[in-house]
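**Q** Those protein sequence lines, which keep their order, are chains A and B. Counting in numbering that gives the first Met the number 0, the first sequence runs from 0 upward without gaps. Counting in numbering that gives the first Met the number 0, the second sequence runs from 0 upward without gaps. All C-beta atoms, glycine included, are put in the ideal place defined by N, C-alpha and C.
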Amino acid sequence: MKVEAPLLDVSTAVALLVIFSLAWVAYGYWLGRKSQGTPDGVMLAGRNVGLALGTATAMATWVTSNTVMLAPKFAIQMGVWGLLAYSTASFGLFLFAPMAARIKTLMPKGYTSGDFIRLRYGRPTWYLFLVISLIYSLAWLVSMGMAGGIVLEALSGLPYQVGMTVILTVCVIYTLFGGLYAVIGTDFVQSIIILLLLLVVGLVAVIHTDYSLMHQTLIAQRPMLLDVLMPVALLSLFNNMFFGLGEVFHNNVWWSRAYAMSPQVAQKAFTRAGFLWLPIPILAGFIGLSAFSAGIPIGDPDMTGPLVAGTLLGKTGALFAFLVVFASLASSIDSLLASTSDLLIEDVGEGILGIRKSPEYFYLMSKGTVLGLGLVVWLLCSMRMADLIQVLFLSGPFVASLIWPVVCGLYWPQVSGRAAFWAIITGSGLGLYTYFEIGWFVASLIAAVTSLAVLLTLTKYFPTQFVWARLKEG
Amino acid sequence: MGGLGLVGFTPSAEAISFLNDRGPSAVLEAPEGHARLLWGREPSKIWEGENKSLQVNLVLQLENGGQELFHSSRLSKETPIEEFFVSGLREGDSVFMLLGPSGQVLDRLTVRTQYPKLQFVFGLVVLGTVLLVFLVAVIWRGEVEGRSSSS
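1) How would you label Phe209 (chain A), buried or exposed, when you count the other beta carbons within 10 angstroms and need 16 or more for buried?
2) With a threshold of 16 other CB atoms inside 10 Å of the CB of Glu474 (chain A), please say whether the residue is buried or exposed.
3) Under 8 Å between the Cβ atoms of Ser338 (chain A) and Val252 (chain A)?
4) Which residue spans inside the segment 16-62 of chain A form an unbroken beta strand (DSSP E) run of at least 3?
5) Cβ-heavy atom distance between Phe73 (chain A) and the ligand SAM below 7 Å?
6) Confirm, please, whether the CB-CB distance from Ser20 (chain A) to Val165 (chain A) is below 8 Å.
7) On the criterion of 16 or more Cβ atoms from any shown chain inside 10 Å, does Thr56 (chain A) qualify as buried, or is it exposed?
8) Would the beta-carbon of Ala447 (chain A) fall within 8 Å of that of Tyr120 (chain A)?
9) From what residue to what residue does the alpha helix (DSSP H) around Gly156 (chain A) run?
10) Can you give me the start and stop residues for the alpha helix (DSSP H) that Thr463 (chain A) sits inside?
11) What would DSSP say about Asp8 (chain A), mapped onto helix, strand or coil?
12) What is the residue span of the alpha helix (DSSP H) that Gly324 (chain A) lies within?
13) Given that a residue counts as buried once 16 or more other Cβ atoms are within 10 Å of its Cβ, and exposed if not, what is Lys103 (chain A)?
14) Write down every uninterrupted run of the alpha helix (DSSP H) in the segment 167-252 of chain A whose length is 4 residues or greater and which is fully enclosed by it, in chain order.
15) Whose Cβ in chain A lies nearer than 9 Å to the Cβ of Ser71 (chain B)?
16) Whose CA, out of A:Trp125, A:Ser381, A:Ile286, lies closest to the CA of Ile206 (chain A)?
17) How long is the line joining the alpha carbons of Leu236 (chain A) and Thr11 (chain A), rounded to whole angstroms?
18) Classify Arg101 (chain A) as buried or exposed, calling it buried when 16 or more other Cβ atoms lie within 10 Å of its own Cβ.
19) Chain B beta carbons: is any one of them nearer than 8 Å to that of Val182 (chain A)?
20) Using a Cβ cut-off of 8 Å (strictly closer), state whether Pro97 (chain A) contacts chain B.
21) How would you label Pro280 (chain A), buried or exposed, when you count the other beta carbons within 10 angstroms and need 16 or more for buried?
22) Quick one: Cα of Gln413 (chain A) to Cα of Thr433 (chain A), how far?
23) Determine the direct distance from the alpha carbon of Ile192 (chain A) to that of Tyr26 (chain A), and round the result to whole angstroms.
24) Glu349 (chain A) lies in the alpha helix (DSSP H); which residues open and close that run?
25) Suppose you measure from the CA of Leu127 (chain A) to the CA of Arg46 (chain A); what does that come to, to the nearest Å?
26) With 8 Å set as the bound, which would you pick, yes or no: does the beta-carbon of Gly145 (chain B) sit closer than that to a beta-carbon of chain A?
27) Where does Leu363 (chain A) land, buried or exposed, given buried means 16+ other C-beta within 10 angstroms?
28) Would you list, in chain order, the members of the segment 408-425 of chain A that have their beta-carbon closer than 9 Å to a beta-carbon of chain B?
29) Could you tell me whether any Cβ in chain A is nearer than 8 Å to the Cβ of Val132 (chain B)?
30) Which partner residues does Met98 (chain A) have in the DSSP bridge list?
31) Give the single residue among A:Val376, A:Ile445, A:Ala138 whose Cα lies nearest to the Cα of Trp403 (chain A).
32) So the alpha helix (DSSP H) Ala468 (chain A) belongs to, where does it begin and stop?
33) Does the beta carbon of Leu342 (chain A) come closer than 8 Å to any beta carbon on chain B?
34) Which partner residues does Met260 (chain A) have in the DSSP bridge list?
35) First and last residue of the alpha helix (DSSP H) that includes Ser289 (chain A)?
36) How would you call Ile172 (chain A), buried or exposed, if buried means at least 16 neighbouring beta carbons within 10 angstroms?
In structure tokens:
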């Protein structure tokens, strides 16, 4: 992905990278002093995260480079429905809010989403869940690392390897020193940067947009973008929604935040994060559509946001785009590093290999896992393999098939491990089939429908009676 | 959100090969009402000389003999390929790819069915709505029952 000329010069980009990298590392190190090297401190920030930090971390983690880069692309490819389709990912935060409160109530001592699946459904379902969740998390991490290198290269001409390495290294260092304390604290500042700068660019776009001209241009050049019955846009609306729900409901990024807050705080924090996140893709999408009235030629749809920012605000706009992308990448990479390391320590290390989180070894275990994971991600990003990105696209049906086992497992005692296992297998299988036979825009929806049908059928004919108190062991 | 793609569109190897073999061309796959179009041009041939960018229009041949523009876009040397979605096409429709204001015909395509029929699309939309309502109901009822049992 390249633009004709970088929007920022390399020296400015390097200066920004150095300043912000040092700031994140120093701030993360300072915040991490509170963790005291204990599992609760490092993995869950002392289980006492407040409303402001909880809201900011949930919002900032969900703002990835995709939110600010892909939402404009959706808008200019699928019109208003495309723009709204991306914003449906906020439903994941809204619906996870009450679930987060229940998770904390049922499992006050829990550490990971894997803990819940293991205690609730037994080992076979837990193994299946771990495979899906770890591959998805790794693919997400690698895609973010690669996006960092690609976007910084496109914005400033900074070599891919340099941009990618700097972003990953910074996130690994402050996660290493500060654990979840550092992740949540830096997320708070990063969320403010993202919101403020996007608001400025959005407002300038709103003021500069000639709505009549925009409408005329769309009718003349892209009339299908105004077609409210464009099938692919309608399908993507629900497909994205269920993809997003699957991502949020199963992933340890969100479960670790639920464990880190009190039930009351968790519910409020996720709801508020949803409201704060909702307008971001709409704003980013609108910025994309405004390119039509501004007469900005869109070569690469992925670069629409930075291109519009650079055109409307000159070098300042390019600088804003750089900072928003850097902040949104860092806020997602650090969270993923921390939560995936937790999953490796708790589920793979202690659950499968039997390595206990004893006080004398935990310090080394946690540092080693974050460092090792960071190294693996860096190696995969260095290879710049396009196939890995396909893994992330393909994960849609897999994570969507986890929606019902998680939700029904939290509220219905009748659901058995066998029902959950086969719901995931059949949902993933049929979803994957439709991904290749029809397209990405139906795969997650089909997976969610199939998974529900199987779960309901097996629960009706082979019910169980789970005792909720067993979850308190977690 | 995390899983919905990565910045940077990478067309498949087959698509690139197809495009390079055919020069200015398009891949048009459409059912009733929905199509995906992937088009481009081998850079080394078209971007010679002063050509920095190229305006290409796609028009639908109407039954009454007229033509209707349904997509217009600008390609550049760095981004010779674009992927986007269109609607309103049917199997067997003829689509012409025209070069900028000159209107020179670059290619003619016949729409072929690849994607689901419209009834299937709306069926899935209804299914998605039902699924969402059911999901909200499960969580809502679970919360209400949880509160009443704890009190």
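**A** The relevant details are as follows:
1) Position 210 of the first sequence, counted from the start, is the residue given in the question as residue 209 (chain A). It should be noted that the sequence gives Asp, not Phe, for residue 209 (chain A). When all chains shown are included, Asp209 (chain A) counts as exposed.
2) Given that chain A is displayed from residue 0 to residue 473, the structure contains no residue 474 (chain A) and the question cannot be resolved.
3) Residue numbering aside, residue 338 (chain A) sits at position 339 when the first sequence is read from its first letter. Residue numbering aside, residue 252 (chain A) sits at position 253 when the first sequence is read from its first letter. A contact, by the Cβ cut-off of 8 Å.
4) none
5) Inclusion of the ligand SAM in the displayed structure is not the case, the ligand content being empty and no account of it being possible.
6) Here residue 165 (chain A) refers to the residue found at position 166 when the first sequence is read from its first residue. Here residue 20 (chain A) refers to the residue found at position 21 when the first sequence is read from its first residue. Against a cut-off of 8 Å, the Cβ pair of Ser20 (chain A) and Val165 (chain A) comes out as a contact.
7) Reading the first sequence from its first residue, position 57 is the one you call residue 56 (chain A). It counts as buried.
8) One-based indexing of the first sequence puts residue 447 (chain A) at position 448. One-based indexing of the first sequence puts residue 120 (chain A) at position 121. Result no, Cβ atoms of Ala447 (chain A) and Tyr120 (chain A) do not sit closer than 8 Å.
9) Numbered from 1 along the first sequence, position 157 holds the residue referred to as residue 156 (chain A). No alpha helix (DSSP H) holds Gly156 (chain A); DSSP gives it neither H nor E.
10) In the first sequence, counting from the first residue as 1, residue 463 (chain A) sits at position 464. DSSP places Thr463 (chain A) in no alpha helix (DSSP H); its state is neither H nor E.
11) Numbered from its first residue, the first sequence carries residue 8 (chain A) at position 9. Asp8 (chain A): coil per DSSP, three-state reduction.
12) Residue mapping note: residue 324 (chain A) aligns to position 325 of the first sequence, counting from 1. Note that residue 324 (chain A) corresponds to Val in the displayed sequence, not to Gly. First-last of the alpha helix (DSSP H) with Val324 (chain A): 303-342.
13) For the purposes of this step, residue 103 (chain A) is identified with residue 104 of the first sequence, where counting begins at 1. Buried.
14) 210-220, 230-249
15) Taking the first residue of the second sequence as position 1, residue 71 (chain B) is located at position 72. By Cβ distance, chain A contributes Ala219, Gln220, Arg221.
16) In the first sequence, counting from the first residue as 1, residue 206 (chain A) sits at position 207. For Ile206 (chain A), the nearest C-alpha among the options comes from A:Ile286.
17) Locating residue 236 (chain A) in the first sequence gives position 237, where the first residue counts as 1. Locating residue 11 (chain A) in the first sequence gives position 12, where the first residue counts as 1. Going from the Cα of Leu236 (chain A) to the Cα of Thr11 (chain A) covers about 39 Å.
18) Position 102 of the first sequence, counted from the first residue, corresponds to residue 101 (chain A). Buried, because 16 or more other Cβ atoms sit within 10 Å of the Cβ of Arg101 (chain A).
19) Start at 1 with the first residue of the first sequence, and residue 182 (chain A) comes out as number 183. No, Val182 (chain A) lies away from the interface with chain B (no Cβ there is under 8 Å from its Cβ).
20) Here residue 97 (chain A) is taken as the residue at index 98 of the first sequence, counted from 1. Under the 8 Å criterion on CB atoms, Pro97 (chain A) is classed as interfacial with respect to chain B.
21) For the purposes of this step, residue 280 (chain A) is taken as the residue at position 281 of the first sequence. Burial call: buried.
22) Taking the first sequence and counting its residues from 1, one reaches residue 413 (chain A) at position 414. Taking the first sequence and counting its residues from 1, one reaches residue 433 (chain A) at position 434. If I take the Cα positions, the gap works out to 30 Å.
23) Position 27 of the first sequence holds residue 26 (chain A). Position 193 of the first sequence holds residue 192 (chain A). Near 15 Å, if we compare the C-alpha coordinates of Ile192 (chain A) and Tyr26 (chain A).
24) Position 350 of the first sequence, counted from the start, is the residue given in the question as residue 349 (chain A). Unbroken run through Glu349 (chain A): none, as it is neither H nor E.
25) In the first sequence, counting from the first residue as 1, residue 127 (chain A) sits at position 128. In the first sequence, counting from the first residue as 1, residue 46 (chain A) sits at position 47. Leu127 (chain A) and Arg46 (chain A): Cα-Cα distance of roughly 28 Å.
26) For the purposes of this step, residue 145 (chain B) is taken as the residue at position 146 of the second sequence. So yes, Gly145 (chain B) belongs to the interface.
27) Here residue 363 (chain A) refers to the residue found at position 364 of the first sequence. Exposed: under 16 other Cβ atoms inside 10 Å.
28) Within the segment 408-425 of chain A, the qualifying residues are Leu409, Tyr410, Trp411.
29) Along the second sequence, one-based indexing puts residue 132 (chain B) at 133. Not one chain A Cβ lies under 8 Å of Val132 (chain B).
30) The residue you call residue 98 (chain A) lines up with position 99 of the first sequence. Answer by DSSP bridge pairing: none, since Met98 (chain A) is not bridged.
31) Position 404 of the first sequence, counted from the first residue, corresponds to residue 403 (chain A). Looking at the Cα atoms, A:Ile445 is the closest of the given residues.
32) As a working mapping, residue 468 (chain A) is identified with position 469 in the first sequence. No alpha helix (DSSP H) contains Ala468 (chain A), which DSSP labels as neither H nor E.
33) If you number the first sequence from 1, residue 342 (chain A) lands on position 343. Chain B contact via Cβ: absent.
34) Your numbering for residue 260 (chain A) matches position 261 in the first sequence. Met260 (chain A) pairs with A:Val48.
35) Residue mapping note: residue 289 (chain A) aligns to position 290 of the first sequence, counting from 1. 278-293 is the extent of the alpha helix (DSSP H) around Ser289 (chain A).
36) Mapped onto the first sequence, residue 172 (chain A) falls at position 173. Label assigned to Ile172 (chain A): buried.
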